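Residue numbers (the working numbering), protein chains in the order written: chain H, 1 to 339; chain U, 1001 to 1339.
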DNA sequence: CTGAAAGCGCTAACAT
DNA sequence: ATGTTAGCGCTTTCAG
C-alpha cells in the first residue's frame, strides 16, 4: 500500500504538506495543493483510516445502532443515514442490537468503546437506563431517531401529529365509527411511538367531539399478520360496525385490507383504511397513509450529527421539524350511506 | 479514556503483558492474565481500535457491500453476517453501493481503500469489471454472496437446484401446465440469479418430459407489484390456462396470489403457486416455497471470511454447500380435475 | 506557506 | 513469562 511518504516525495513536499493539502486543514499554496493532488491520484493514495484516526482523534466514522435489519422501515432509515454520511466522506459502522442480553452487554461494553466512531445514531431502540448511560459515557455525540427520547438527544418525529392528521382525514370524510389498530401501553418502548399514535388518534376524535368507542380499539403488533388478525376480530364483532379504520402502521393497515377482502368487506366502499409510515407496499395496495419519509429521517439524523462534528462545514441549520404528509390513495372514501 | 498504561500500572505489569493477556496472543502466566483482566475490567478499559489496527495491521472489521438496504432479503443476510461477526468480536462497516456512478467511484476508489477492513463481503451485487478489479487489489479476502461469481470467490448458492426442486414439486403434484414468472436474460447481473432459476425450471420440465410452453413464460421484476402484473397478464391470456405457477421470487409469488384472488382464481384449487426465497411474508400468505435461509447465508459468509482471517480459531470447515428446503404450505395442491 | 519532529495508543520483535 | 523498545502511518504543534 502506498503511504504518505511516497506522495510527499513524488510531489516534492513534506508529509506535513501532503496531509494538509489532502485534508484541507491548514493553509497550503494552490500550487503545492495541486501537485499533491496529482501525485496522490497517480499513486492511488488514500490515507490509512487507523493512522489518521490515531493521530487526529477523529475517525470519520459514525456508529449506527439498529434493532432489526430485516424490517423495511429500518432499512429505509439506514439507507438515508448511509447516503448522507457517505456524501461527507464518513463511513458507517453497523451495530445490530439484538434482544440477547449477553450480546447486548458485549455491544455496549466492548464494541462501542473501541473509539471507532465519532458519533452514534440510535434507531428507535429500546434502551435500558444502563445502556443509555453507556452511550452517554462514550464521549461522542449520540442521537436517537424515532421520537423524543427521555434521556437522549433525539430527532423529533411527531407521531402524535401524524396520527391526528390521519384520523382527521377520516373524520373529514364523514366517518364517526373509526376503529383503531395499534398497541396498548404495554408495548411501549422508550420512544413511546405506539402511545403517541394512540393519543393523536384520540385527540383528533376529541377535536371533532366524537367519543372514543372501546369496542373499536384492537391491539396488534405492527405487522401485516397482526393487522390481519386484529381486523378479523374487529370485523367479526357484532357491536363494532366501523366505517373506517386507522392502523398505527402501514403494515397493520395492509393486514386489515387483506382481512376485509377475505370477509367480503369492500375497501373503501364499506370500510376506509388509513395507515402511517410510507411503507413501500403502500403503493401496491393503493393505501392512503401518512408518509413520514423514513429515508429522509435517516438523512436528517446524519446531517444532525455531522453538524455537531463539523459545525463549520454544515448546512445552514435545517429546520428541526421532520416532515410528514398525508398521501391520499384509494383506500379511503366517505362512509357508506346509512342503511 | 483509559489507556493501556493505566491498566499496566494497576496490574503491576508492563503494557506488553497487558496487550498479550487481553488479546490472547503470546504466552502469559495465568496469574498475570487474571490480574490484568481484573484491572482492565475495573477501569473499563477497551483497546483503541485505531491504535491496535495501526500497530498490528489487523482491524477486526469487515466491510459489507450491499446494493439495497430496504429489501428484506438483504436485510436478512446482513443480519446473519452481523450476528456471526459480532460473535467473533468483529465490527462491520456498511457500504451501500448505490447505482449512482459518481458515488460508486468514491466507494471503490476512496472508502474501500482506507484500510479500514480486513475483508469484504459483497452481497449479490452487480459489479463492473473495473470494480471487481478494485476489490481484488484491496489486498484483503473478498467474498461474493448470491451465487457463483465470474471473477470473485463466492459462496455457492445453488439457484439452479432450488428452481428445479420447486418445479419438481409442482410436477409431482401432477401439474403439466406450469407457468414461469421471472426475468429474461436481459435482467441478468453478475450472479445470473434470474437465469439460473429459469434454467432450473426448464431442467425440471425436461426431466419430466414436459415441453416448455412459451405462452406460459412471463417477465417480471422480482417485486410483488411485478408479480401481480405479470400474473394478471398471464391469467388474462386466452391460450395460457396454467394450473400452476412457479415464481422466481417469493415477492412475485405473493403478487401472483393477489392477482389470482382479484380475478376469482382460487389458490390452490384452480392455481398452485410456489416461490423461492423464504421471505418473511410467505408465512402470512401460506406460500409454498423454497426457503434459502437468507440469514444463514449471511452467517456462512461471515464464517467463511473469518476462516480466511483466522485459520486457527475457525470451526472445523463447514460444508460448502448452502442448504435450501422445500416448505410446503397451502398454495400448492394437485391440479383441478380435467373439465 | 512549509518542514522538522514529536507523538497518537497500541503490538511485536527482541532480549532477558 | 515478561519487560524494553521500536515502530505502525498519519496529524499537528512549533519554528522558520
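All C-beta atoms, glycine included, are put in the ideal place defined by N, C-alpha and C.
These numbers were taken from a predicted model, which means no experiment stands behind them.
Item: Residue 1027 (chain U), buried or exposed, once every other Cβ within 10 Å from all chains shown has been counted against 16; Value: exposed
Item: For residue 212 (chain H) and residue 241 (chain H), the rounded distance between their alpha carbons; Value: 14 Å
Item: Buried versus exposed, by CB contacts within 10 Å (16 or more), residue 190 (chain H); Value: Residue placement at residue 190 (chain H) is flagged as unreliable, the pLDDT there being 49, under the threshold of 50; the coordinate-derived value follows with that caveat. That one is buried.
Item: Burial state of residue 335 (chain H) (16 or more Cβ within 10 Å); Value: buried
Item: Member of U:1280, U:1053 and U:1145 whose CA lies at the smallest distance from the CA of residue 116 (chain H); Value: U:1053
Item: Below-8 Å beta-carbon distance, residue 70 (chain H) vs any chain U residue; Value: yes
Item: Pairwise C-alpha distance: residue 1154 (chain U) and residue 1321 (chain U); Value: 11 Å
Item: Beta-carbon contacts of residue 65 (chain H) that lie in its chain and below 6 Å, excluding the five residues immediately before and after; Value: 95, 97, 122 and 125
Item: Residue 1013 (chain U) Cβ short of 7 Å to the ligand SAM heavy atom set; Value: Annotation note on the ligand SAM: not contained in the displayed structure, which lists no ligands.
Item: Alpha-carbon to alpha-carbon, residue 1198 (chain U) and residue 305 (chain H); Value: 46 Å
Item: Neighbourhood of residue 159 (chain H) by C-beta, 7 Å cutoff - its chain only, sequence neighbours within 5 removed; Value: 147, 193, 196, 197 and 200
Item: Rounded Cβ spacing between residue 1276 (chain U) and residue 1289 (chain U) (contact assumed at less than 8 Å); Value: 6 Å
Item: 8 Å Cβ cutoff, residue 1249 (chain U) in contact with chain H; Value: no
Item: CA nearest to the CA of residue 1171 (chain U), picked from U:1129, U:1205 and U:1216; Value: U:1205
Item: Buried/exposed call for residue 23 (chain H), threshold 16 Cβ in 10 Å; Value: exposed
Item: Residue 1340 (chain U), DSSP secondary structure in three states; Value: Because chain U here runs from 1001 to 1339, residue 1340 (chain U) falls outside it and cannot be looked at.
Item: Backbone CA spacing between residue 232 (chain H) and residue 260 (chain H) [nearest angstrom]; Value: 7 Å
Item: Within 8 Å, strictly: CB atoms of residue 269 (chain H) and residue 333 (chain H); Value: yes
Item: As assigned by DSSP and simplified to three states, the class of residue 243 (chain H); Value: coil
Item: Where the alpha helix (DSSP H) containing residue 34 (chain H) begins and where it ends; Value: 30-43
Item: Nearest to residue 152 (chain H) (by Cα), restricted to the options H:168, H:134, H:166 and H:165; Value: H:134
Item: Under 8 Å between C-beta atoms of residue 1118 (chain U) and residue 1081 (chain U); Value: no
Item: Residues near residue 1188 (chain U) in its chain [Cβ-Cβ closer than 8 Å; skip 5 each side]; Value: Caution applies to residue 1188 (chain U), whose pLDDT of 48 falls short of 50 and renders its modelled position unreliable; the model cannot decide the point.
Item: Between the CA atoms of residue 1050 (chain U) and residue 1294 (chain U) - distance to the nearest angstrom; Value: 32 Å
Item: 3 or more residues per run - each beta strand (DSSP E) lying fully within the segment 263-324 of chain H; Value: 272-277 and 288-291
Item: Proximity below 8 Å, CB of residue 36 (chain H) to CB of residue 11 (chain H); Value: yes
Item: Identified DSSP bridge partners for residue 1217 (chain U); Value: U:1180
Item: Where residue 1053 (chain U) meets chain H, residues with beta-carbon distance less than 9 Å; Value: 48, 49, 50, 51, 53 and 54
Item: Rounded C-alpha distance that separates residue 183 (chain H) from residue 90 (chain H); Value: 37 Å
Item: Beta-carbon spacing of residue 1163 (chain U), residue 1253 (chain U) below 8 Å; Value: no
Item: Residue 1094 (chain U): contacting residues in chain H (beta-carbon distance under 9 Å); Value: 64, 78, 82, 91, 92, 93 and 94
Item: Residue 1207 (chain U) burial status per 10 Å Cβ neighbour count (16 or more: buried); Value: exposed
Item: Spatial distance of residue 222 (chain H) from residue 1302 (chain U) (CA atoms); Value: 31 Å
Item: Where residue 1341 (chain U) sits in the DSSP three-state scheme; Value: Limits of chain U in this structure are 1001 at one end and 1339 at the other, which puts residue 1341 (chain U) out of reach.
Item: Candidates U:1328, U:1327, U:1042 and U:1310, of which the one nearest residue 1058 (chain U) by Cα; Value: U:1310
Item: Residue(s) in a DSSP beta bridge with residue 1096 (chain U); Value: U:1066
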